[in-house]
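Mapped onto our numbering, the consecutive letters of the sequence shown carry residue numbers 1 to 80.
Written out below as structure tokens is the structure these notes cover.
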Amino acid sequence: MSSHKQERKHKRSKHEPISNDDYFVKSAEFRMWLKEEKDRYFNDLDAEKARHYFKKFVKAWNRDELEVLQRHQLSTTIIL
């Protein structure tokens, strides 16, 4: 994909893209997604499986496919 297309795609995104390097930064969001979307608990995974699922999380995040986080953000906004 050309850099111009990538720029346009990211401008439409609701948040900044992440990478596998953001494993610790996005820990809370990853754990919520893991439970809600994959029905798994982070503490039950070994390191290899956790990284495997985090790669899937990164792809979903960068494609704006994280409905569970959008619902959580909306409910937090309503509470405030």
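The C-beta atom is built at its ideal place from N, Cα and C for all residues, glycine as well.
Please read these numbers as outputs of a predicted model, since none were measured by experiment.
Are the CB atoms of residue i and residue j nearer to each other than 8 Å?
i	j	result
leucine 34	phenylalanine 24	no
asparagine 20	lysine 55	yes
Quick one: using the 10 Å Cβ neighbour count with 16 as the cut-off for buried, is residue i buried or exposed?
i	result
glutamate 48	exposed
glutamate 67	exposed
glutamate 16	exposed
Which of helix, strand or coil does DSSP assign to residue i?
i	result
lysine 14	coil
valine 25	coil
glutamate 65	coil
tyrosine 53	helix
Does the beta carbon of residue i fall short of 7 Å from some heavy atom of the ligand MN?
i	result
lysine 56	Questions concerning the ligand MN fall outside what the structure shown contains, since it holds no ligand whatsoever.
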